[in-house]
Structure formats: structure tokens, C-alpha cells
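Written below as C-alpha cells is the structure these notes are about.
In the numbering used here, the protein residues as written are 312 to 501.
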């Protein structure tokens, strides 16, 4: 960043609505949509993001809807399998798509999510920036430890998964796939 850029005005970006249903068992929680996803108004819209490829490999017997106009069908495809999508941040200021560039972020309101997703059993954090907020998400979902250290509500697991972002290229597809599949299998979805 050049001197003076820190003072540059950045427009406030607004994230996407949650993709959830009463059948959501695992909520995939990203940090905030990248520039390509915001432009398309689609979760994981960057062509090099491995999210859709990984989930397609988890359920090869159920082909993923393809094509530019298939996003709504893809969301329905995920919901049929018990998977929902959302992000930690409702809005933020950011230039580019990197999590490290997120500034002045406003966290989404997770409090009402449990009522919308009564079967929710896990929050699968897609990368480290999302997982950094796992305690806040747990608190908002009413999962704070009780007096004896146990959970006060039905147990909802917080899982840190490897990021599917093209910026996280150090880990290969096979390792990412194995972690994601294990999470979904553990919750009866794969």
C-alpha cells in the first residue's frame, strides 16, 4: 500500500443472504464473499475456488448442476443434502478479495439462525478467518459452556476446515477434499 492509500475512501460492501433451510445440518461459514462472488451475487463464484468441486466430489452420484445460470439449482442441491451457506461478516470495507484486507467488518446476526435451522449440528468454518470467530458464533447460537463446562443447548460442533479459496493453494485438492468429506460424513451427510 502506498503512502496515503490508508486514507482512501473504500465503499462499504454488503454480503450475501444465508442459504439455509429447516433441513440444514451443517452450515458452511465463510468470512466474506470475494470480489467475483459479490459481482455475481453467488457464494463461491470465483472459478478457481474449489468449494463446488469439493462438494461435487463428496456426492458423485448426485451431479452438481452446471452452467452460468445454475447457481439457484446448486443452492437447492446443497440444501437437499443438509448443507447451508453463510458468512461471518454481513458487511465490510475491503479492496480486492483477500481476508487480510477486510476492514471495519460488521458480524452477521447469528442469534435467529437456530430457529431457522432446528437440525443444525455443525458450523464448518471455511478457513481461518471464519474460524477466528467461532466463539462468537457459538455464543450467538446459545452454545456457551454451562456451569459444569458442558454445552447449554444441543451440541453444535465448530469445525475449522481448510479454505477452498484460490488464495489457499498450498494445500492440494485431495487433502482439502478428505477434510471436508470427513466433516460431512461425521454428521451423516456423506
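Positions of the beta carbon are idealized from the N, C-alpha and C atoms, including for glycine.
Since we're looking at a predicted model, the values are computed, not measured.
Assign residue 420 to one of two classes, buried (16 or more other C-beta atoms within 10 Å of its C-beta) or exposed (fewer than that).
Counted from its first residue, the chain shown places residue 420 at position 109. Label assigned to residue 420: exposed.
Rounded to the nearest angstrom, how far is the Cβ of residue 432 from that of residue 467, given a contact under 8 Å?
For the purposes of this step, residue 432 is taken as the residue at position 121 of the chain shown. For the purposes of this step, residue 467 is taken as the residue at position 156 of the chain shown. Going by Cβ atoms, the distance from residue 432 to residue 467 rounds to 6 Å, so yes, they are a contact pair.
Every unbroken alpha helix (DSSP H) inside the stretch 355-406 [4 residues or more]:
362-369, 382-391
Quick check: residue 436 and residue 469, are their CB atoms within less than 9 Å of each other?
Taking the first residue of the chain shown as 1, we reach residue 436 at position 125. Taking the first residue of the chain shown as 1, we reach residue 469 at position 158. Result yes, Cβ atoms of residue 436 and residue 469 sit closer than 9 Å.
Residue range of the unbroken alpha helix (DSSP H) whose run includes residue 497
Mapped onto the chain shown, residue 497 falls at position 186. 484-497 is the extent of the alpha helix (DSSP H) around residue 497.
Any contact of the stretch 473-480 with the stretch 376-384, i.e. 3+ C-beta pairs under 8 Å?
Cβ pair count under 8 Å is below three, so no.
Helix, strand or coil for residue 345 per DSSP?
Within the chain shown, numbered from 1, the residue matching residue 345 stands at position 34. Coil.
What whole-angstrom Cβ distance do residue 338 and residue 434 have, given they're in contact under 8 Å?
The count along the chain shown starts at 1 and reaches residue 338 at position 27. The count along the chain shown starts at 1 and reaches residue 434 at position 123. Indeed, because the Cβ distance is near 5 Å, the residues count as touching under 8 Å.
Pick from 347, 372, 396, 410: whose alpha carbon is nearest that of residue 329?
As a first step, residue 329 is located in the chain shown; it is residue number 18 there, counting from the start. Out of 347, 372, 396, 410, 396 has the C-alpha closest to the C-alpha of residue 329.
Are the beta-carbon atoms of residue 452 and residue 501 separated by less than 9 Å?
Reading the chain shown from its first residue, position 141 is the one you call residue 452. Reading the chain shown from its first residue, position 190 is the one you call residue 501. No, these two residues do not count as a Cβ contact at 9 Å.
Please tell me whether residue 333 and residue 392 are closer than 9 Å, where the distance is taken between their beta carbons.
Position 22 of the chain shown holds residue 333. Position 81 of the chain shown holds residue 392. In this structure, residue 333 keeps its C-beta atom at 9 Å or more from the C-beta atom of residue 392.
Sheet register partners of residue 436 (DSSP bridge):
Walking along the chain shown from the start, residue 436 turns up at place 125. 340, 471.
Between the C-alpha atoms of residue 356 and residue 474, what's the straight-line distance to the nearest angstrom?
If you number the chain shown from 1, residue 356 lands on position 45. If you number the chain shown from 1, residue 474 lands on position 163. Cα-Cα distance, rounded: 14 Å.
Report the three-state DSSP secondary structure of residue 412 (helix, strand or coil).
In the chain shown, the residue the question calls residue 412 occupies position 101. Helix, per DSSP.
DSSP state of residue 514 mapped onto helix, strand, coil
Residue 514 lies beyond the range of the chain shown here (312 to 501); nothing can be said about it.
For residue 331, which of helix, strand or coil comes out of DSSP?
Counting from one through the chain shown, the residue named residue 331 turns up at place 20. DSSP places residue 331 in coil when its eight states are reduced to three.
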